[in-house]
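As structure tokens, the structure follows; a few thoughts come after it.
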Amino acid sequence: MAKVKKSTVFSLKRKIDLINASEETPPKSRKQLAADFGISPSTVTEVLNEKEKHKDLFYGGLTDVHKARIRTSKFSTVEDELMKWFLHVRARNVPVTGPILKTKAEELAHKNGTYDWVCTEGWEKKKSTINDNVMNSCTSRPVPDNVTNTCT
């Protein structure tokens, strides 16, 4: 009977650990790295071939480092612009709630000509989870009545 290899979850954090281990002096072989991390040499090769992508995701801070799969959005332009707007508004110390974020996202989508984009509650929840390190402060304060006028 053939031996079945158990599938292991390899998070972004572990991929960065692998990349850092591969860049140590003296360098380790891919076979040695595979043995150290308990994975196949082909997985080591896959991770190292995309190391710049993994570093950008990890050091960019816009994703959960413990996730095994990092999925990119179909509407990344809208999300990138929304993040820029959010950081700009938060730099002025203006509190931002989920409904304000949702309204601004819809506005940016229509401005970019993305009319098939819909901001659902699931999207709003997902964005606040993914960008926890950035968005945590936006829900901790009450929003004054005049804030909606200053955020647009």
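First residue of the sequence shown? That's 1 in UniProt numbering, and the numbers climb one at a time after it. Cβ atoms here follow ideal geometry from the backbone N, Cα and C, with glycine treated the same way.
Local conformation of residue 85 per DSSP, three classes: In the sequence shown, residue 85 corresponds to position 85, counting from 1. Looking at residue 85 - three-state DSSP - the assignment turns out to be helix.
The segment 20-32 in contact with the segment 43-52 per 3-pair CB rule at 8 Å: yes
C-alpha distance - residue 111 paired with residue 96, whole-angstrom precision: Numbered from 1 along the sequence shown, position 111 holds the residue referred to as residue 111. Numbered from 1 along the sequence shown, position 96 holds the residue referred to as residue 96. Taking the straight line from one Cα to the other gives about 20 Å.
Test: residue 44 CB closer than 9 Å to a CB of chain C: Absent here is chain C; the protein component of the structure consists of one chain.
Boundaries (first-last residue) of the alpha helix (DSSP H) holding residue 103: Against the sequence shown, residue 103 aligns to sequence position 103. Its alpha helix (DSSP H) spans residues 98-111.
Three or more C-beta pairs below 8 Å linking the segment 8-17 and the segment 26-41: yes
Nearest candidate by alpha-carbon position, reference residue 107, set 88, 94, 84 and 78: Numbered from 1 along the sequence shown, position 107 holds the residue referred to as residue 107. Of the listed residues, the one whose Cα sits closest to residue 107 is 78.
Cβ neighbour criterion (16 or more within 10 Å) applied to residue 91: Within the sequence shown, numbered from 1, the residue matching residue 91 stands at position 91. Residue 91 comes out exposed.
DSSP state of residue 93 mapped onto helix, strand, coil: Translated into the one-based positions of the sequence shown, residue 93 becomes position 93. The answer is coil: DSSP assigns residue 93 none of H, G, I, E or B.
Exposure of residue 9, with buried meaning 16 or more beta-carbon neighbours within 10 Å: On the sequence shown, position 9 is the one that residue 9 refers to. Exposed, by the Cβ-count rule.
Assumed close pair residue 87, residue 104 - CB separation to whole angstroms, cut-off 8 Å: Here residue 87 refers to the residue found at position 87 when the sequence shown is read from its first residue. Here residue 104 refers to the residue found at position 104 when the sequence shown is read from its first residue. Contact flag wrong, Cβ pair sits at about 12 Å.
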